[in-house]
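Novice: One structure follows; several queries about it will come next.
Protein chains: 2
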Amino acid sequence: MANSKVAGPEIERLIQLLARLPGLGPRSARRAALQMIKKKEQLLVPLAEAMGVAVEKIGVCETCGTVDTTNPCAICTDPRRDQSMLIVVEDVADLWALERAAAVNARYHVLGGNLSPLDGIGPEDLNIDSLIERCRLGDISEVILAINATVEGQTTAHYIMDRLAGIEVNVTRLAHGVPVGGELDYLDEGTLAQALKARTQF
Amino acid sequence: MANSKVAGPEIERLIQLLARLPGLGPRSARRAALQMIKKKEQLLVPLAEAMGVAVEKIGVCETCGTVDTTNPCAICTDPRRDQSMLIVVEDVADLWALERAAAVNARYHVLGGNLSPLDGIGPEDLNIDSLIERCRLGDISEVILAINATVEGQTTAHYIMDRLAGIEVNVTRLAHGVPVGGELDYLDEGTLAQALKARTQF
Ligand SMILES: [Zn+2]
Ligand SMILES: [Zn+2]
């Protein structure tokens, strides 16, 4: 591609890396790179700094599986959170979506995906053992399965349900406000809040 | 917003900065940030490095106005480029688009925008004086006005035409392959290459 000799390999590399982000193709990555370079002081410098900070500080919480700058994370160590309630999500993006909905004041457990035999994803690839362990050891009275209403999500929910059999814990799931096949992260906050409040027995 | 207490101000700041990039809204900025954090070694670390390099090395070429890691830029110093031909563009994105089309082997002059009295953008806000100076001093025999086919673009082209009166230089413009009202950066490379080859007398 002629572009590589146009502006030095450094810019080309920046564009290629930006193009790997979700939502940015090669064309929009070029525009984003150019915007950064033009607005060097307002955009490129602070972004480079923010990413440097992220590289140094951000990691995975060993308790719940979310990402944060502390381990355990701010949510796991927050004394104002209800310690008896655990919300199980597939992904950190879902945790963020639920927090934006601000519907409950519980703690979370991030599975890191769904069971998917076709893709070779089994229970050992997800944070399921640690979930069972938290339920067994902790003072958890309710586990809310806030898992996507997809086939794989529901397979995962049933598997967790089976694994929790024999442990003294009430398992609920989100109310049927969540559209079938829909992903939590794309829902508006009002729908999410309602689905949480009207959650039903699993 | 509840999100700021979820995962520390560092992540929130990263998301806010990403949301300022063209093509990314708040939601896609969150997804992009999360993707980076999850793929720390493959994405976040190299991106942070590439941006650090960009902060240190990338600047504006004082000769032609493009961005590069050297000043003068790689194009201005390339001895294989036709020294007698200058392509005038509004923006670095247009220069990149023309280079991708790989239709001519000339040098460039980046105006940095268009004349727009309504927005208070006059000739002194663009790299027009330096263009006239290059044409007066250099061995330029042809100036190709590769300016967007918009009202403001054409106003700018006519203004440049007037300023070049009395200087021994042939002024051409892109052929009418460029759609009226269209922006160069969104055109496919074949159309751009054809428009360049069939350029007409201004
Ligand atoms: Zn945690
Ligand atoms: Zn240059």
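Here the protein sequences come in this chain order: A and B. Quick note, the first sequence lines up with residues 1 to 202 if you use full-length UniProt numbering. Quick note, the second sequence lines up with residues 1 to 202 if you use full-length UniProt numbering. Idealized CB from N, CA, C, for every residue including glycine.
Does the stretch 109–118 of chain B come within contact of the stretch 141–161 of chain B, defined as at least 3 CB pairs closer than 8 Å?
Specialist: yes
Novice: Please tell me whether Ile37(B) and Val67(A) are closer than 9 Å, where the distance is taken between their beta carbons.
Specialist: Counting from one through the second sequence, the residue named residue 37(B) turns up at place 37. Counting from one through the first sequence, the residue named residue 67(A) turns up at place 67. A contact, by the Cβ cut-off of 9 Å.
Novice: Let me know the alpha helix (DSSP H) ranges lying completely inside the stretch 140–197 of chain A, each 4 residues or longer, listed in chain order.
Specialist: 151–163, 189–197
Novice: Just list the alpha helix (DSSP H) runs in the stretch 65–109 of chain A, keeping only unbroken ones of 4 residues or longer that don't cross its boundaries, in chain order.
Specialist: Complete alpha helix (DSSP H) runs here, min 4: 92–101.
Novice: Drop a sphere of 10 angstroms on the beta-carbon of Arg199(A), count the other beta-carbons inside from all chains shown, and report buried for 16 or more, exposed for fewer.
Specialist: Translated into the one-based positions of the first sequence, residue 199(A) becomes position 199. Burial call: buried.
Novice: Taking 8 Å as the cut-off, is the CB of Ile75(A) close to at least one heavy atom of ligand 1?
Specialist: Counted from its first residue, the first sequence places residue 75(A) at position 75. True, at least one ligand heavy atom lies under 8 Å from that Cβ.
Novice: Measuring alpha carbon to alpha carbon, tell me which of Ile11(B), Arg30(B), Pro123(B) ends up nearest Ala19(B).
Specialist: Your numbering for residue 19(B) matches position 19 in the second sequence. It is Arg30(B).
Novice: What residue from Asn71(B), Leu95(B), Val104(B) has the CA that sits closest to Gln83(B)'s CA?
Specialist: Counting from 1 along the second sequence, the entry for residue 83(B) is found at position 83. Taking only the C-alpha atoms, the option nearest Gln83(B) is Val104(B).
Novice: If the criterion is Cβ atoms closer than 9 Å, does the pair Arg163(B) and Leu145(B) meet it?
Specialist: For this step, residue 163(B) is matched to residue 163 along the second sequence. For this step, residue 145(B) is matched to residue 145 along the second sequence. A distance of 9 Å or more separates the beta carbons of Arg163(B) and Leu145(B).
Novice: In this structure, what does DSSP give as the bridge partners for Gly59(B)?
Specialist: Counted from its first residue, the second sequence places residue 59(B) at position 59. Looking at the DSSP assignment, Gly59(B) forms a beta bridge with Asp68(B).
Novice: Exposed or buried, what is Tyr186(B) when buried is set at 16 or more other beta-carbons lying within 10 Å of its beta-carbon?
Specialist: Taking the first residue of the second sequence as 1, we reach residue 186(B) at position 186. Tyr186(B) comes out exposed.
Novice: At 8 Å on the CB atoms, spell out the chain A contacts of Leu17(B), in chain order.
Specialist: Your numbering for residue 17(B) matches position 17 in the second sequence. The answer, in chain order, is Leu43, Pro46, Leu47, Ala50.
Novice: Less than 8 Å between the CB atoms is what I'm expecting for Glu56(B) and Pro72(B), so what's the real figure, rounded?
Specialist: Within the second sequence, the letter at position 56 stands for residue 56(B). Within the second sequence, the letter at position 72 stands for residue 72(B). Not a contact, Cβ separation roughly 18 Å.
Novice: Give the C-beta separation of Leu86(A) and Ala106(A) to the nearest angstrom, bearing in mind that I take them to be a contact with Cβ-Cβ under 8 Å.
Specialist: Residue 86(A) sits at position 86 when you count from the first residue of the first sequence. Residue 106(A) sits at position 106 when you count from the first residue of the first sequence. Indeed, because the Cβ distance is near 6 Å, the residues count as touching under 8 Å.
Novice: Considering only C-alpha positions, which residue in the set Cys76(B), Val45(B), Thr191(B), Ala50(B) is nearest to Val53(A)?
Specialist: Taking the first sequence and counting its residues from 1, the one referred to as residue 53(A) is at position 53. Among Cys76(B), Val45(B), Thr191(B), Ala50(B), the Cα nearest to that of Val53(A) belongs to Val45(B).
Novice: Rounded to a whole number of angstroms, what is the C-alpha to C-alpha distance between Met1(A) and Ser28(B)?
Specialist: On the first sequence, residue 1(A) is found 1 positions in, with the first residue counted as 1. On the second sequence, residue 28(B) is found 28 positions in, with the first residue counted as 1. Residue placement at Met1(A) is poorly supported in this model, since its pLDDT is 36, which falls under 50; the coordinates still yield a value, given next. Each residue's Cα considered, the two are about 28 Å apart.
Novice: Among Tyr108(A), Cys64(A), Trp96(A), which has the Cα closest to the Cα of Ala33(B)?
Specialist: The sequence position of residue 33(B) within the second sequence is 33, counting from 1. Selected option, being the one with the closest Cα: Trp96(A).
Novice: Starting from the Cα of Ala175(B), find the closest Cα among Ala193(B), Glu183(B), Gly166(B), Glu99(B) and give me that residue.
Specialist: The residue labelled residue 175(B) in the question sits at position 175 within the second sequence. Cα-wise, what sits closest to Ala175(B) is Ala193(B).
Novice: From which residue to which residue does the alpha helix (DSSP H) around Ala33(A) run?
Specialist: For the purposes of this step, residue 33(A) is identified with residue 33 of the first sequence, where counting begins at 1. Segment 26–38, the alpha helix (DSSP H) holding Ala33(A).
Novice: For Cys64(B), verify whether its CB is less than 8 Å away from any heavy atom of ligand 2.
Specialist: Along the second sequence, read from residue 1 onward, the residue named residue 64(B) stands at position 64. At least one heavy atom of ligand 2 is nearer than 8 Å to the Cβ of Cys64(B), so yes.
Novice: In this structure, does DSSP put Ile15(A) in helix, strand or coil?
Specialist: Within the first sequence, residue 15(A) is the residue found at index 15, counting from 1. The answer is helix: DSSP assigns Ile15(A) an H, G or I state.
Novice: On the premise that Leu24(A) lies in contact with Gly23(B), defined as a C-beta separation below 8 Å, what is that separation, rounded to the nearest angstrom?
Specialist: For the purposes of this step, residue 23(B) is taken as residue 23 along the second sequence, with counting starting at 1. For the purposes of this step, residue 24(A) is taken as residue 24 along the first sequence, with counting starting at 1. At roughly 6 Å, the Cβ-Cβ gap stays under 8 Å, so Gly23(B) and Leu24(A) are in contact.
Novice: Any Cβ of chain A within less than 9 Å of the Cβ of Gln83(B)?
Specialist: Walking along the second sequence from the start, residue 83(B) turns up at place 83. False, the Cβ-Cβ gap to chain A never drops below 9 Å.
Novice: For Ile128(B), which three-state DSSP category applies?
Specialist: In the second sequence, residue 128(B) corresponds to position 128, counting from 1. Ile128(B): coil per DSSP, three-state reduction.
Novice: Report the residue from Ile147(A), Thr191(A), Gly59(A), Ala165(A) whose alpha carbon sits nearest the alpha carbon of Gln35(B).
Specialist: Locating residue 35(B) in the second sequence gives position 35, where the first residue counts as 1. Cα-wise, what sits closest to Gln35(B) is Gly59(A).
Novice: Return yes when at least one heavy atom of ligand 2 lies under 8 Å from the C-beta of Pro79(B), else no.
Specialist: As a working mapping, residue 79(B) is identified with position 79 in the second sequence. No, the Cβ of Pro79(B) stays beyond 8 Å of every heavy atom of ligand 2.
Novice: If you compare alpha carbons, which of Leu184(A), Glu10(A), Leu43(A), Asp129(A) is closest to Arg13(B)?
Specialist: Residue mapping note: residue 13(B) aligns to position 13 of the second sequence, counting from 1. When each option's Cα is compared against that of Arg13(B), the closest is Leu43(A).
Novice: Just to confirm, does Cys61(B) get its C-beta within under 8 Å of one of the non-hydrogen atoms of ligand 1?
Specialist: As a working mapping, residue 61(B) is identified with position 61 in the second sequence. False, no ligand heavy atom lies under 8 Å from that Cβ.
Novice: Interface residues of chain B around Arg80(A) at Cβ under 9 Å?
Specialist: For the purposes of this step, residue 80(A) is identified with residue 80 of the first sequence, where counting begins at 1. What Arg80(A) touches in chain B: nothing, since even the nearest Cβ is about 10 Å away.
Novice: Are the beta-carbon atoms of Glu10(A) and Ala50(B) separated by less than 9 Å?
Specialist: Residue 10(A) sits at position 10 when you count from the first residue of the first sequence. Residue 50(B) sits at position 50 when you count from the first residue of the second sequence. It is a contact, given that the beta carbons lie within the stated cut-off.
Novice: Considering Cα atoms alone, identify which of Asp139(A), Thr77(A), Ile147(A) is closest to His158(A).
Specialist: The residue labelled residue 158(A) in the question sits at position 158 within the first sequence. Checking every option, the nearest Cα to that of His158(A) belongs to Ile147(A).
Novice: Candidates Asp78(B), Pro79(B), His109(B), Arg81(B): which alpha carbon is nearest Val92(B)'s?
Specialist: The residue given as residue 92(B) occupies position 92 in the second sequence. Closest by alpha carbon: His109(B).
Novice: For chain B, is any of its Cβ atoms less than 9 Å away from the one on Met1(A)?
Specialist: Translated into the one-based positions of the first sequence, residue 1(A) becomes position 1. Residue placement at Met1(A) is poorly supported in this model, since its pLDDT is 36, which falls under 50; the coordinates are not used for a value here.
Novice: Under 9 Å, do Ile160(B) and Leu196(B) count as touching if we go by C-beta distance?
Specialist: On the second sequence, residue 160(B) is found 160 positions in, with the first residue counted as 1. On the second sequence, residue 196(B) is found 196 positions in, with the first residue counted as 1. No.
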